[in-house]
Amino acid sequence: MKSKMQFKKNDYDQVLEEMIQEIEDKQIEQIELINLKENEIEKVETRLKVFMLDNDGNISFAKAFGGIQLPGGHLEEGEGHIEGLKREIMEEVGIALEDTEISSPFFEIKKYIKNYNNTNKNKINQNIYYIVHTDKKYNPSNINLTEDEKRGCLV
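For this note's numbering, add 17 to where a residue sits in the sequence shown, where the first one is 1.
Have a look at this one:
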């Protein structure tokens with residue numbers, strides 16, 4: 018990844034706690050506005066996002082679509098979470114992760130969308146967040162971005 022932020026190891030908990038609180042506040046606002054029930058949902062789209070931490074206290078981010086994002090992406094049909102995370106990190110960062118480097122999910126956001134794109138269908142966009150501890154380095158020779166990702170400059 019090209020962009021990195023430096024944190025001391027004992028700052029991780031505080032930074033993550035602040036990010037989670039901000040996300041929770043926004044999630045509560047969204048749920049109150051939409052008011053959909055689980056049985057009214059026709060499609061669930063899952064995105065997996067990763068806080069990649071190394072032993073020096075760096076968190077890796079990706080430049081994409083005019084901003085900065087955590088690495089990760091959409092879960093493909095029939096794909097498990099760990100399998101999807103490993104695929105996304107290989108595609109976007111060029112790193113082959115081991116299962117032992119991936120934490121259990123620590124946070125999930127569900128966004129309920131009524132009448133998605135005027136289709137009269139309701140869906141959920143869910144983002145599931147993981148922590149990865151690895152000292153493996155960004156390897157651009159292994160990345161495999163889609164055309165949309167290339168247009169968004171996901172590197």
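Glycine included, every Cβ here is placed at the ideal spot set by N, Cα and C.
Predicted model, so just to flag it, every value in this text is computed and none were measured.
Selection from the options that minimises the alpha carbon distance to residue i
i, options, result
"glutamate 59", "Asn137, Leu162, Gly74 and Asp71", "Asn137"
"lysine 54", "Pro157, Asn139, Thr151 and Tyr147", "Asn139"
"asparagine 159", "Tyr146, Glu108 and Val149", "Glu108"
"isoleucine 145", "Pro88, Asp116 and Val110", "Pro88"
"glutamate 62", "Asn72, Glu125, Ile37 and Ser120", "Glu125"
"isoleucine 76", "Val149, Lys103, Glu34 and Asn156", "Val149"
"asparagine 72", "Asn134, Asn135, Glu118 and Leu162", "Glu118"
"tyrosine 147", "Ser121, Asn161 and Thr163", "Ser121"
"glutamine 143", "Phe68, Asn132 and Lys127", "Lys127"
"tyrosine 133", "Glu57, Asp165 and Gln38", "Glu57"
"leucine 162", "Asn135, Ala79 and Asp116", "Ala79"
Assumed close pair residue i, residue j - CB separation to whole angstroms, cut-off 8 Å
i, j, result
"glutamate 93", "glycine 101", "7 Å"
"leucine 65", "glycine 90", "7 Å"
Same chain, Cβ closer than 6 Å to residue i, five either side skipped, listed in chain order
i, result
"isoleucine 130", "Lys140"
Close Cβ partners of residue i (< 7 Å) along its chain, the five nearest in sequence each way excluded
i, result
"alanine 113", "Met107"
"valine 67", "Leu87, Pro88, Gly89, Leu102, Ile106, Tyr147 and Val149"
Buried or exposed by the 16-neighbour rule on C-beta atoms within 10 Å, applied to residue i
i, result
"lysine 154", "exposed"
"threonine 151", "buried"
"phenylalanine 123", "exposed"
"valine 110", "buried"
"histidine 105", "This sequence places glutamate at residue 105; histidine is not what is there. It is buried - the Cβ of glutamate 105 has at least 16 other Cβ atoms within 10 Å."
Reduced DSSP category for residue i - H, G, I as helix; E, B as strand; rest coil
i, result
"leucine 102", "helix"
"isoleucine 145", "strand"
"threonine 117", "helix"
"asparagine 134", "helix"
"glutamate 59", "coil"
"isoleucine 85", "strand"
"isoleucine 160", "coil"
"isoleucine 112", "coil"
"glutamate 34", "helix"
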